[in-house]
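Chains as they are written, first to last, in my numbering: chain A, -12 to 159; chain B, -12 to 159. Glycine included, every Cβ here is placed at the ideal spot set by N, Cα and C.
2 protein chains.
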Amino acid sequence: MNIGKAAAASGVSAKMIRYYESIGLIPEVARTEAGYRDYSDKDVHRLRFIRRARDLGFSVDQMAELLALWQDRGRASADVKRIALEHVAELERKARELMEMSETLSHLAGNCQGDDRPDCPIINVLSEQDGFESCHEHAQPRFGKTGIEPDRKRRASSDSTVSDSKGGGIRR
Amino acid sequence: MNIGKAAAASGVSAKMIRYYESIGLIPEVARTEAGYRDYSDKDVHRLRFIRRARDLGFSVDQMAELLALWQDRGRASADVKRIALEHVAELERKARELMEMSETLSHLAGNCQGDDRPDCPIINVLSEQDGFESCHEHAQPRFGKTGIEPDRKRRASSDSTVSDSKGGGIRR
DNA sequence: TATAAACCTTCCAACAATGGGAAGGTCAAG
DNA sequence: CTTGACCTTCCCATTGTTGGAAGGTTTATA
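This is how it looks when you write it as structure tokens:
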């Protein structure tokens, strides 16, 4: 099965399949004589696994962990559960953050006439002069670097097994 | 006031101040003889406005709109309100998406023993064979986890000769 | 005053995850 | 044999932010 078929069958785009291969999330797959990637049903199964994990919001690193556990018949379900619950906590944190912003804003909008006059509590809050912004003090960084190792080269011709996949072995 | 002071006073990092200037969100500021950026209180006030908008999750494009309205004494509060409410809708949509993922996952985790045996409903769902996925049907919207739609249409002149920044459009 | 620390400048790269597209090779059907 | 639909690799863009290098400037101190 070529990459187009595999993409259709798995729901992961061909672009992303190549990308996942390039970063080592999935092993290099078989090739035809002409160099076309050739996917087995097992490969497609793995791609579907990935798509579902992605649809649940898992990061590439987490998917790598989950894939490793999936393959590991001696896994402890506790490990899977831990990853899932950590992710749940993160999802809830983000959702809460978004909801807080949303609530602040819709409260302000509720007090805005929304007519052709300029006066508006939204603009007023944004342009407040002083430094003690009563409610919404969120000094948090919008992006946290969650310990991902830097590594630029994505050429791993030989040694497909990526030996150590603990602690985030995905290189980009 | 140099950029470090302006950053401390506004809560926007020096890096981001330069970035916002480079994309045209804020105008080029005065310079000292040595080439250091020199911020007035008015400039800092604008930066604080930006920081508050950013804290409410507004995108650079929306901040540009809001800044324009802020400066416009003949603005209609309806315009501000519209921007805010569109953003609220987007925030709510994203939050809902995250919560759905979170709920699906925590439900699965709730049925997982979390012991040293391998059996685990989370893994089972991820590796389901057919296209069954009863609960979490998402049709095929196929966008990122936080669903940031590409409404990108900004024109970049393909080369950054540092010269043109008067256009008014935000370029990156 | 000399010198070092603490700034500032610009430019380049990285991150997440994905898509767009070019330049070229391959395969199937007409 | 040509056409078109594939495939290949490679580079670029996205959004917002940070990190760092290489070099100039200001300031505080020895």
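Query: Partner residues on chain A for B/T91, Cβ-Cβ distance less than 7 angstroms; Result: L43
Query: B/A63 (DSSP reduced to helix, strand or coil); Result: coil
Query: Identified DSSP bridge partners for B/R24; Result: B/R18
Query: 8 angstroms Cβ cutoff met for A/I110 and B/L56; Result: yes
Query: CB contact check: B/Q100 to chain A, cutoff 8 angstroms; Result: yes
Query: Through-space distance from A/Q100 to B/A65, alpha-carbon basis; Result: 7 angstroms
Query: Sequence ranges, alpha helix (DSSP H) only - wholly within the stretch 42 to 118 of chain A, length at least 4; Result: 47 to 58, 64 to 97 and 108 to 113
Query: Residue-chain proximity (A/P105, chain B), Cβ-Cβ < 8 angstroms; Result: yes
Query: Given B/A1 as reference, the closest of B/I10, B/N(-11) and B/L12 once Cα atoms are compared; Result: B/N(-11)
Query: Neighbour flag for A/L53 against chain B, beta carbons, 8 angstroms; Result: yes
Query: B/L113 and A/L53 closer than 8 angstroms at C-beta; Result: yes
Query: Rounded C-alpha distance that separates A/M88 from A/R60; Result: 44 angstroms
Query: Closer than 8 angstroms to chain A by CB, B/R18; Result: no
Query: Min CB distance B/I109 to chain A below 8 angstroms; Result: yes
Query: Start-to-end residues for the alpha helix (DSSP H) that takes in B/I13; Result: That residue, B/I13, is in no alpha helix (DSSP H); it is neither H nor E in DSSP.
Query: A/V31 at chain B interface by Cβ criterion, 8 angstroms; Result: no
Query: Alpha-carbon spacing of A/S(-3) relative to B/I13, whole angstroms; Result: 45 angstroms
Query: A/V31 - DSSP class collapsed to helix/strand/coil; Result: helix
Query: Residue range of the unbroken alpha helix (DSSP H) whose run includes A/M3; Result: A1 to S9
Query: Which of helix, strand or coil DSSP assigns to A/G(-9); Result: helix
Query: Status (buried if at least 16 other CB within 10 Å, exposed otherwise) for A/D103; Result: exposed
Query: Proximity test, Cβ basis, 8 angstroms: B/R39 and chain A; Result: yes
Query: Near-chain A residues of the stretch 62 to 80 of chain B - C-beta to any C-beta below 7 angstroms; Result: R62, A63, S64, A65, V67, K68, A71, L72, H74, V75, L78 and E79
Query: Residue-chain proximity (B/F130, chain A), Cβ-Cβ < 8 angstroms; Result: The pLDDT assigned to B/F130 is 34, lower than 50, so where the model puts this residue is not dependable, and the model offers no usable value.
Query: Buried versus exposed call for A/R41 [16 or more other C-beta atoms within 10 Å across all chains shown]; Result: buried
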